[in-house]
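A.B. asks: The sequence shown lines up with residues 137 to 315 when you count with the working numbering. Don't be surprised by glycine CBs; every beta carbon is placed ideally from N, CA and C.
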Amino acid sequence: LVALVAYAGTPWHLDVAAARYQLANILRQRGELAGARVQVEQALDAATRSGGQRHPIVPVLVHELGVLALVEEEPAKGVPYVEQALALWRALHGGEHHPDYAAGLHTLGTLKRAMNDLPGARAALTESLGLKNQIYGDVPHPDRAATLNNLGAVLLKLGEHEEARACFLSCLAMESALY
């Protein structure tokens, strides 16, 4: 919040964008979703004005708008934001082999699951898990466990019980190793 005061005369500074993003996280955790959305939108405006579309915070902020839509129980509104964040991360990182991109796919799968687009959710979560497996290897990782859990829930809803069971067992084994 100090950055908001320090840069009050230059609201398009990247530090202002970062401070607004942190404030948005606090507001979201407190359930103040409208305030969180305003802070993210203002942070995105400041970041794009000062750093352009290629600054690393821009796709993070766009992704956050998708996450807020999910929390606000409006997943259809979140999909375009997450798809835009994925495109920005792809351009920023020179491809899809990056934890941010895998996280974005996870969010896309979660949004599609909330919309009851189970095939779309399965595709996004499967791709996310594949990337996370490439990135993290066989080492237990909380992001891999979360995707396994969500993918298992989608497979269960699709009636694919054995595949769901395998995901849940892998998730459990990984979480047991982590915690």
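1. Just mark ASP236 as buried or exposed, buried being the case when its beta carbon has 16 or more other beta carbons within 10 Å.
2. Assuming LYS248 and GLY256 form a contact by the criterion Cβ under 8 Å, report the distance between their Cβ atoms to the nearest whole angstrom.
3. Which class does TYR272 belong to by DSSP, given the choice of helix, strand or coil?
4. Decide if LEU291 is buried, meaning its Cβ has at least 16 other Cβ atoms within 10 Å, or exposed.
5. Just to confirm the assignment: which complete beta strand (DSSP E) runs, minimum length 3, are found wholly within the region 193 to 261?
6. Answer yes or no: do ALA183 and LEU224 have a C-beta to C-beta separation smaller than 8 Å?
7. ALA153 to GLU210, Cα distance in whole Å?
8. In whole angstroms, what is the alpha-carbon distance linking LEU254 and LEU206?
9. Taking Cβ to Cβ, would you say LEU204 is nearer than 8 Å to ALA172?
10. Could you give the first and the last residue of the continuous alpha helix (DSSP H) run that contains PRO150?
11. Looking at the structure shown, is LEU137 part of a helix, part of a strand, or coil, going by DSSP?
12. Whole angstroms are fine: how far does the CA of GLY273 sit from the CA of LEU163?
13. Assuming GLY286 and LEU261 are in contact, meaning their beta carbons sit under 8 Å apart, how far apart are those beta carbons, in whole angstroms?
14. Identify, in the order they occur along the chain, each residue of the same chain with its Cβ nearer than 7 Å to the Cβ of LEU137, setting aside the five sequence neighbours on each side.
15. Determine the extent of the alpha helix (DSSP H) in which GLY171 is found, giving its start and end residues.
16. Is the distance from the Cβ of VAL218 to the Cβ of GLY202 below 8 Å?
C.D. replies: Checking against the coordinates, here is how it stands:
1. The residue given as residue 236 occupies position 100 in the sequence shown. With 16 or more Cβ atoms within 10 Å of its Cβ, ASP236 is classed as buried.
2. Numbered from its first residue, the sequence shown carries residue 248 at position 112. Numbered from its first residue, the sequence shown carries residue 256 at position 120. Yes, LYS248 and GLY256 are in contact; Cβ-Cβ is about 4 Å, under 8 Å.
3. Numbered from 1 along the sequence shown, position 136 holds the residue referred to as residue 272. Helix at TYR272.
4. Residue 291 sits at position 155 when you count from the first residue of the sequence shown. Flag for LEU291 reads buried.
5. none
6. In the sequence shown, counting from the first residue as 1, residue 183 sits at position 47. In the sequence shown, counting from the first residue as 1, residue 224 sits at position 88. The answer is no: Cβ separation not under 8 Å.
7. Position 17 of the sequence shown, counted from the start, is the residue given in the question as residue 153. Position 74 of the sequence shown, counted from the start, is the residue given in the question as residue 210. Straight-line Cα distance between these residues: approximately 25 Å.
8. Taking the first residue of the sequence shown as position 1, residue 254 is located at position 118. Taking the first residue of the sequence shown as position 1, residue 206 is located at position 70. When rounded, the distance between both Cα atoms is 16 Å.
9. As a working note, residue 204 is residue 68 in the sequence shown. As a working note, residue 172 is residue 36 in the sequence shown. Against a cut-off of 8 Å, the Cβ pair of ALA172 and LEU204 comes out as a contact.
10. One-based indexing of the sequence shown puts residue 150 at position 14. Note that residue 150 corresponds to Leu in the displayed sequence, not to Pro. Looking at the DSSP string, the run of the alpha helix (DSSP H) that includes LEU150 is 150 to 165.
11. Counting from 1 along the sequence shown, the entry for residue 137 is found at position 1. Low per-residue confidence applies at LEU137: pLDDT is 42, beneath 50, and the placement is therefore not dependable enough to give any value.
12. One-based indexing of the sequence shown puts residue 163 at position 27. One-based indexing of the sequence shown puts residue 273 at position 137. If you take the alpha carbons of LEU163 and GLY273, they lie about 35 Å apart.
13. On the sequence shown, position 150 is the one that residue 286 refers to. On the sequence shown, position 125 is the one that residue 261 refers to. The residue asked about is misnamed: residue 286 is Asn in this sequence, not Gly. The Cβ separation is near 6 Å, so the contact holds.
14. As a first step, residue 137 must be located in the sequence shown, where it is residue number 1. Residue placement at LEU137 is poorly supported in this model, since its pLDDT is 42, which falls under 50; the coordinates are not used for a value here.
15. Locating residue 171 in the sequence shown gives position 35, counting from the first residue. Taken as a continuous stretch (DSSP letters only), the alpha helix (DSSP H) holding GLY171 covers 169 to 187.
16. For the purposes of this step, residue 218 is taken as the residue at position 82 of the sequence shown. For the purposes of this step, residue 202 is taken as the residue at position 66 of the sequence shown. Result yes, Cβ atoms of VAL218 and GLY202 sit closer than 8 Å.
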